[in-house]
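Colleague: When you line the sequence shown up against my numbering, it's residues 111 to 1135, in that order. Backbone N, C-alpha and C fix where the C-beta goes; we use that ideal spot for every residue, glycine too. Every value quoted in this text rests on a predicted model; they were computed, and no experiment measured them. One structure, as structure tokens, below. Some questions next.
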Amino acid sequence: MAKRKSASTLAQPQPIPGVDDARIEAETTQLGELIWRRLAARQPSFFEQRWWDDRILAAAMNDESLKVQMFRFVDVLPRLKTHQAMTRHLQEYFDEIREHLPGAIQLVGFGVEQVAPNSILSRTLAFNARNNAQRIARRLMGGESTDDVLKTIHKLYRQGYLFSLNYLSSKVVSQAEADQYQQRYLDMLSSLGAEVSNWPAHTSYAHAAAVEGKSAATAEIPQLQLSLKLSSLTSDFRPLDAQGTTRVVLERLRPILRLAIEQQVIVQIELEHSTTNRLILDIVQQVLTEKEFQSWADCGITLPAYLKTAESDLTALATWVQKRGTPIRICLTKGEYWNQEIALAQSKSWPVAVFEEEWQIDENYEKLSRALIDQPELFKPVFAGQSLRSLCYVLAYAQARNLPRSRVELQLRYGLADEQAQAFAELGCPVRIDTPVGHHVKGMARLARHFLENSANDSFLRQGYSAEVSIEDLLMNPTVAGQTARARKTSKMWTVPPQGFVNEPVTDFSIPAHREAMQGAIEKVEHQFGQTYSLIINGRREDTRQNLTVRSPSDKSKVLGLVASASPEQALAAIDSARRAFVRWSVIEASYRAEYLELIARELRQRRFELAAWQIFECGKPWAEADADVAEAIDFCNYYAMQMRELAEPQRFDIADEENAYFYRPRGVVVVISPWNFPLAVLTGMVAAALVAGNTVIIKPAEQASVTAAKLMEILQACGIPDGVVTFLPGVGEEIGPVLAGSPDVDLVAFTGSTEVGLTVNQSAAQVHAAAQSIKRVITTLSGHNAIIIDADADLDDAVTGVIESAFSYAGQKCSSCSRVIVIGEIYDEFIKRLVAATSDLKLARAEDPACQMGPVIDEESYKRLLALIEDAKQTCEVILAMEAGSLAKKGYFVGPHIFANIPSESRLNREEICGPILLVYKAADLSEALGMANSVPYALAGGLYSRSPANLKRAKQQFLAGNLYLNTPVTTGLVARQPFGGFKLSGIGSKTGGPDYLPQFMVPVNVTENTSRRGFSTETTTES
């Protein structure tokens, strides 16, 4: 273990021009030690309930396993309606971490383990657990009703504090819920604002104003502040549709701001996530520049110091404020969503938007605090957080810059920093208490999530509840702390494959330049409509007697292109060409073939927006879906190239006088029959695997996606793939499919599509002709009738949005789309209500419209088939939601989302794949029945469970029959390498695409054994002379 360096031996922070850094450091330390002594003298005694509560929090903050389980239990608590459920969850959550519990709690834990769910003890245990949670909630929250909140803030007022109300809201999943939240904000302003505005200003603030030579009226700080999240004012806060989002948010925001001005209440708008912050800032600047709000100074935003863009954001705000002519409030925070930002960056392969080390956040906080204090004419600074060092540094720097403490407002959390608030108030600082309000138990669940998020990067909880933290550590300069951190060896927070493969980042459409690039590509592609695309056999273009007319499903009057339609004779010629090219291609070294794939990946990346635009028009994919398809195509090329380099090395098992080598050879001619729902990604994946394995390839794309396939062929040729190695053979499947699948000169068929067609392909391929030299291999990814189970304890915020994404993204046309949702127990009615409201808000639009959340179905055949299914369901099932497409259906193949329940057992809907925006809802008594229903179909492709029961999650892993099982996440998120995709039963043949076992299927394994001895002379037994 590395020896810890002392502060004196570490690099010191860089000096600040015009500021006596040493003096500021000394003042920071002096203030910190003063407050620390005062805090030590005010700790609760052993006989107070709070002392015991603090011990529990201390144990949690100092043990990651205990913290996670404890707060997860609090998170699920509102859903536990019976004492049996309460006891079961307590046992499940704490059984795995029993050794992490403090001694006193271990005794309780042992007792919990022995409690029978139906016993009197179970009732008592449930009662006590709920009461304890409510007690802690009352400590940490300001109240449920208006009267309760008023009592709380009046108490804070008498103690000399200002106050900020933070309504703990659930995720807004519908516009109706957004209306409810707007009304709650308005109610708080009207009921509390009028009352608080009559309370006299605190005498300490009036005295401070007089010292500054100002009247109390002009210098007075408004007592009441409302903290507001713009995401609560719409169910669809999407930067991709910046214009539509702005319009909806402003419609609800303006009345709140007007009432706040009338009631003399501050409104603090929170920056939330890195992907939405740019739009939040744009909306704030737009509304505060409007005439009725331009001179209002009591509105502002939070600025999280953990954001790497925080400094540039503040600089841009300063420029805007100068133009506006009225200062705004900036509340500097550490940041609320660190875990989510890290997880988002990892899942999207994006650069991490936040600082990853605590000392970096602290350092940036101090840097930003200096910028705020140095520009008092532009900003009214507020400093939030419980970090002792940070707040003392703020006061020390303000003093050095001659900014009176009466103008340095601090913001601390209600119930977590009572002693800190008192200590800072005694120094003459205005202290505002951030007060969460709302339903106690549900609100406590929201606070639990905050603790899980915030304690990972902000030490205020661990500092406040740990006896092991010294005052020297708490007051250490963050730059010095950074040197200490770098001196220590740290471990990675996530796993990376040893080969180093990283998924291609999807486009971040919160960045305006990316939206502009996509819009530009769409406009460019529109000018290329109507071109003709020929067959390509042996590198030469060939015309055909007939062409496929490819139209846009969003607007069937738009002809995107005319694509050649191969005849059976041309299919035979293609097979012969591929067979001859195989002789040359199969002997090229694997490393060179891998380089070809990497060239293709680079070309795909360079033409990314163009290829996405073609999919938008040809297949009706919304922007983000089309972009993700290109990213996946790039992933397939890079991943299979990496894999082939490894597989090319023979595996050896040698002994004396015997060498054994296990290696792979190419199979021969591969026919790739690709689908329309992933027109580039799946096609590229199958082609890339076949090519890098040394095979030649015949591409037979889905008719509906032939133009996108032609664009891939252009890229393959541009990258120098030799003539004949890849053949482009579009055509009608019924005409050339049997020829390709049944030919004895084809060695492997890779097919992705419907189960019906896939079984036909498999049957044709299984016929062994007299001229056949091998048994044909078939690899298929087929359909599913995928189910998501909603457990009785599920988080409905996540479950509703997850089901909608799974069922209706890309109009439900993914092979992994959810077509069945099975809801357990009493949660059914609430789930259905929120599901219907949220689904009703989906924006049906042409795919090229950035506002589109659900586009058209693929073609006329699908359109008519789905309308027939819907009409049949309306006659036999309970209609939960029937959303019509309206005028859109006159120009394109639009089908609105439909939800049905009470499906008769004999209905074909229970058995058939749907492939469209139709969702079937079932009710189950328990998980056993739900799993039975989910597994009752002949498919096993994708499945999901939303649950907060560790036991039920574990059981689903063992018993849910699905090739890809998703727990507490949407079921349509397969990713190369991370989430290889494929099913079993009637959902496919072979291993998963994008997985470690996929590529070997395109090759033949061979083992060579050689006897290396000669005439009894052993090379292994020679001795030195």
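1) Can you tell me whether G548 is helix, strand or coil according to DSSP?
2) Is the beta carbon of L424 less than 8 Å from the beta carbon of L417?
3) Measuring alpha carbon to alpha carbon, tell me which of E699, P1007, K1000, F763 ends up nearest P776.
4) If you measure between the beta carbons of L1096 and P1048, is that distance less than 8 Å?
5) Give the straight-line distance between the Cα atoms of S927 and H1008, rounded to the nearest whole angstrom.
6) Just to confirm before moving on: does the CB-CB distance between N613 and L1085 stay below 8 Å?
7) Can you tell me where the beta strand (DSSP E) holding T1119 begins and where it ends?
8) Relative to the ligand HEM, is the shortest distance from any of its heavy atoms to the C-beta of L714 smaller than 7 Å?
9) Sort out for me which residues DSSP pairs A1103 with in a bridge.
10) Go ahead and pull the three-state DSSP assignment for V96.
11) Is Y1076 buried or exposed, if buried means 16 or more other CB atoms sit within 10 Å of its CB?
12) Anyone know if the C-beta pair for G852 and Q923 falls short of 8 Å?
13) For A400, tell me which candidate among Q716, V377, R368 has the shortest Cα-Cα distance.
14) Is A909 near F941, with beta carbons less than 8 Å apart?
15) Going by DSSP, what residues sit across from L682 in a beta bridge?
16) I need the DSSP call for L299, collapsed to helix, strand or coil.
17) Can you grab the Cα-Cα spacing for the pair R364 / A286, in whole Å?
18) Terminal residues of the continuous beta strand (DSSP E) containing A674?
19) For the segment 488-552, which segments carrying the beta strand (DSSP E) assignment without a break, of at least 3 residues, lie completely within its bounds, in sequence order?
20) Would you mind reading off the limits of the alpha helix (DSSP H) that contains P365?
21) T193 by DSSP, collapsed to three states: which one?
22) From the DSSP output, in three-state form, read off C987 for me.
23) Taking 6 Å as the limit between beta carbons, can you name the residues of its chain near D907, skipping five residues before and five after?
24) Between which two residues does the alpha helix (DSSP H) containing I968 stretch?
25) Between which two residues does the alpha helix (DSSP H) containing P848 stretch?
26) Counting only runs of 3+ residues fully inside the segment 974-1029, write out the beta strand (DSSP E) ranges in chain order.
27) DSSP beta-bridge partners for C928?
28) When you compare each of L670, K490, N238 to H637 by their alpha carbons, which one comes out closest?
29) Cα-Cα, which of A828, A1061, V1005 is closest to A995?
30) So does the segment 763-777 actually touch the segment 652-671, counting three or more Cβ pairs closer than 8 Å?
31) Give the DSSP-derived three-state secondary structure of Q923 in the structure shown.
32) Looking only at C-alpha atoms, which of K433, I471, T429 sits nearest to G445?
33) Tell me the DSSP secondary structure of Q378 in three-state form.
34) Just grab the DSSP bridge partners of Q761 for me.
35) Out of curiosity, what's the CA-to-CA distance linking A1066 and Q179?
36) Using the Cα positions of R690 and G795, report the straight-line distance between them to the nearest angstrom.
Modeller: Judging by the given coordinates:
1) Sequence index remark: in the sequence shown, residue 548 carries index 438 (1-based). Coil at G548, not helix or strand.
2) Locating residue 424 in the sequence shown gives position 314, where the first residue counts as 1. Locating residue 417 in the sequence shown gives position 307, where the first residue counts as 1. Using a Cβ distance threshold of 8 Å, L424 and L417 do not count as a contacting pair.
3) As a first step, residue 776 must be located in the sequence shown, where it is residue number 666. Nearest Cα to P776 within the set E699, P1007, K1000, F763: E699.
4) Within the sequence shown, residue 1096 is the residue found at index 986, counting from 1. Within the sequence shown, residue 1048 is the residue found at index 938, counting from 1. Their beta carbons are under 8 Å apart, which means L1096 touches P1048 by this criterion.
5) By one-based count along the sequence shown, residue 927 stands at place 817. By one-based count along the sequence shown, residue 1008 stands at place 898. Cα to Cα, the separation comes out at about 14 Å.
6) Position 503 of the sequence shown holds residue 613. Position 975 of the sequence shown holds residue 1085. In contact: N613 and L1085 (Cβ atoms closer than 8 Å).
7) In the sequence shown, the residue the question calls residue 1119 occupies position 1009. It spans 1113-1121 - the beta strand (DSSP E) in which T1119 sits, taken as one unbroken run.
8) Among the ligands in the structure shown, none appear at all, so the ligand HEM cannot be discussed.
9) Here residue 1103 corresponds to residue number 993 of the sequence shown, with the count starting at 1. In the sequence under discussion, the amino acid at residue 1103 is Thr, which differs from the Ala named in the question. Per DSSP, the beta-bridge partners of T1103 are F1091.
10) The chain is shown from 111 up to 1135; residue 96 falls before or after that span and cannot be answered.
11) Within the sequence shown, numbered from 1, the residue matching residue 1076 stands at position 966. Only buried fits Y1076, as 16 or more other CB atoms lie within 10 angstroms of its CB.
12) Within the sequence shown, the letter at position 742 stands for residue 852. Within the sequence shown, the letter at position 813 stands for residue 923. Result no, Cβ atoms of G852 and Q923 do not sit closer than 8 Å.
13) Residue mapping note: residue 400 aligns to position 290 of the sequence shown, counting from 1. The question names Ala, but residue 400 is Glu in the sequence shown. When only C-alpha atoms are compared, the closest one is R368.
14) The sequence position of residue 909 within the sequence shown is 799, counting from 1. The sequence position of residue 941 within the sequence shown is 831, counting from 1. Yes, the Cβ-Cβ distance between A909 and F941 is below 8 Å.
15) For this step, residue 682 is matched to residue 572 along the sequence shown. For L682, DSSP records no beta bridge to any residue.
16) Taking the first residue of the sequence shown as 1, we reach residue 299 at position 189. Of the three classes helix, strand and coil, the one that applies to L299 here is helix, per DSSP.
17) Counted from its first residue, the sequence shown places residue 364 at position 254. Counted from its first residue, the sequence shown places residue 286 at position 176. Cα to Cα, the separation comes out at about 18 Å.
18) Indexing the sequence shown from 1 puts residue 674 at position 564. Element bounds for A674: 669-675.
19) As far as the segment 488-552 is concerned, its whole beta strand (DSSP E) runs of at least 3 residues are 489-494, 519-523, 541-547.
20) In the sequence shown, counting from the first residue as 1, residue 365 sits at position 255. Its alpha helix (DSSP H) spans residues 352-373.
21) Counting from 1 along the sequence shown, the entry for residue 193 is found at position 83. Note on residue identity: the sequence assigns His, not Thr, to residue 193. Three-state DSSP puts H193 in a helix.
22) Looking up residue 987 in the sequence shown gives position 877. Looking at C987 - three-state DSSP - the assignment turns out to be coil, as it is neither helix nor strand.
23) To locate residue 907, count along the sequence shown from 1; it is residue 797. Cβ within range, chain order: S280, K281.
24) Taking the sequence shown and counting its residues from 1, the one referred to as residue 968 is at position 858. For I968, no alpha helix (DSSP H) encloses it, and the DSSP letter there is neither H nor E.
25) Numbered from its first residue, the sequence shown carries residue 848 at position 738. Per DSSP, P848 belongs to the alpha helix (DSSP H) from 843-852.
26) Complete beta strand (DSSP E) runs here, min 3: 988-992, 1008-1011.
27) What you label residue 928 is simply residue 818 of the sequence shown in a count that begins at 1. C928 is bridged to N896.
28) In the sequence shown, the residue the question calls residue 637 occupies position 527. The shortest Cα separation from H637 among L670, K490, N238 belongs to L670.
29) One-based indexing of the sequence shown puts residue 995 at position 885. When A828, A1061, V1005 are compared, the shortest CA-CA separation from A995 is found for V1005.
30) Counting C-beta pairs closer than 8 Å gives fewer than three between the segment 763-777 and the segment 652-671, which falls short of the contact rule.
31) Walking along the sequence shown from the start, residue 923 turns up at place 813. Three-state DSSP puts Q923 in coil, outside helix and strand.
32) Numbered from 1 along the sequence shown, position 335 holds the residue referred to as residue 445. Per the Cα distances, I471.
33) Translated into the one-based positions of the sequence shown, residue 378 becomes position 268. Correct three-state label for Q378: strand.
34) On the sequence shown, residue 761 is found 651 positions in, with the first residue counted as 1. Beta-bridge pairing links Q761 to Y772.
35) Taking the sequence shown and counting its residues from 1, one reaches residue 1066 at position 956. Taking the sequence shown and counting its residues from 1, one reaches residue 179 at position 69. In a straight line, the C-alpha of A1066 is about 20 Å away from that of Q179.
36) Reading the sequence shown from its first residue, position 580 is the one you call residue 690. Reading the sequence shown from its first residue, position 685 is the one you call residue 795. Rounded to whole angstroms, R690 to G795 spans 23 Å at the Cα level.
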